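Undergrad: If you're matching positions, the sequence shown starts at 120 in the numbering used here and goes up one per residue.
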Amino acid sequence: VATPELLDPNFHRAVVLVLEHNDDGALGLILNRPRLVGGAEAVPQWADRLAYPAQLHTGGPVSEESVIGLAIGPPDATDGISPLLGPLGVVDLHRSPEDLPGVESVRLFAGYAGWSAGQLDAEVMAGGWFVVDASPDDVVGADPENLWRVVLGRQPGLLGHLAGYPDDPALN
């Protein structure tokens with residue numbers, strides 16, 4: 120979760136789900152940047168399975184022409200969905216939805232956020248990011264625009280208080 124001081128417009132108040140983090144770098148999706156474009160326009164065959172609001176989201180500034188789908192799947196799913204967090208996984212959007220029974224609440228992301236080797240770790244150490252546990256509801260919840268406050272608000276101590284941090288503290 121971006122700290123209030125992180126002013127980069129790509130990541131200001133961003134909630135990022137890190138999908139991969141290793142010696143080569145990190146890859147994640149910004150969860151709280153819905154676009155005005157409907158998800159059905161990007162991947163029409165999945166229109167009936169999209170989570171509300173059924174908008175395409177900006178996943179990050181890298182490869183914005185590619186679309187990644189996250190979804191809630193059955194606990195025993197092994198084909199067509201790669202598990203991430205409990206019932207949440209990356210869904211193969213090239214597959215037909217009919218071939219993946221039980222996959223629901225699909226959220227679509229255009230692009231992703233990427234960091235080179237050690238870059239994200241350095242940003243965390245410099246105080247640019249809070250590392251907190253994720254919930255599948257963070258991905259498929261109905262109010263992505265308020266997700267930054269929701270995620271911080273469920274944290275204990277000082278982090279929980281930051282949920283009320285003003286958009287522009289200079290106006291306070």
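For every residue, glycine included, the Cβ atom is placed at its ideal position computed from N, Cα and C.
Predicted model only: the values in this text are computed from it and were never measured.
Mind checking whether Ile149 and Ala232 have CB atoms under 9 Å apart?
TA: Going by C-beta atoms, Ile149 is nearer than 9 Å to Ala232.
Undergrad: Determine, using beta-carbon pairs with one atom in the segment 138-154 and one in the segment 164-182, whether at least three such pairs fall under 8 Å.
TA: yes
Undergrad: In whole angstroms, what separates the C-alpha of Glu264 from that of Pro194?
TA: 28 Å
Undergrad: Run through the segment 127-178 for me and flag every whole alpha helix (DSSP H) of 4 or more residues, listed as ranges in chain order.
TA: 158-161
Undergrad: Determine the direct distance from the alpha carbon of Gly237 to that of Asp142, and round the result to whole angstroms.
TA: Taking the straight line joining both Cα atoms gives about 7 Å.
Undergrad: Residues in its own chain within less than 6 Å of Ala282 by CB, not counting five upstream and five downstream?
TA: Arg268, Leu271, Gly272
Undergrad: Quick one: measure Cβ to Cβ for Leu212 and Val186, integer angstroms, because I've assumed they're closer than 8 Å.
TA: 6 Å
Undergrad: To the nearest whole angstrom, what separates the beta carbons of Ser215 and Gln164, a pair I think is in contact under 8 Å?
TA: Confirmed, Cβ separation roughly 7 Å.
Undergrad: Going by C-alpha distance, which of Asp198, Leu189, Ala159, Phe130 is nearest Trp234?
TA: Phe130
Undergrad: Could you name the residues that DSSP lists as bridge partners for Val243?
TA: Paired residue(s): none; Val243 is not in a bridge.
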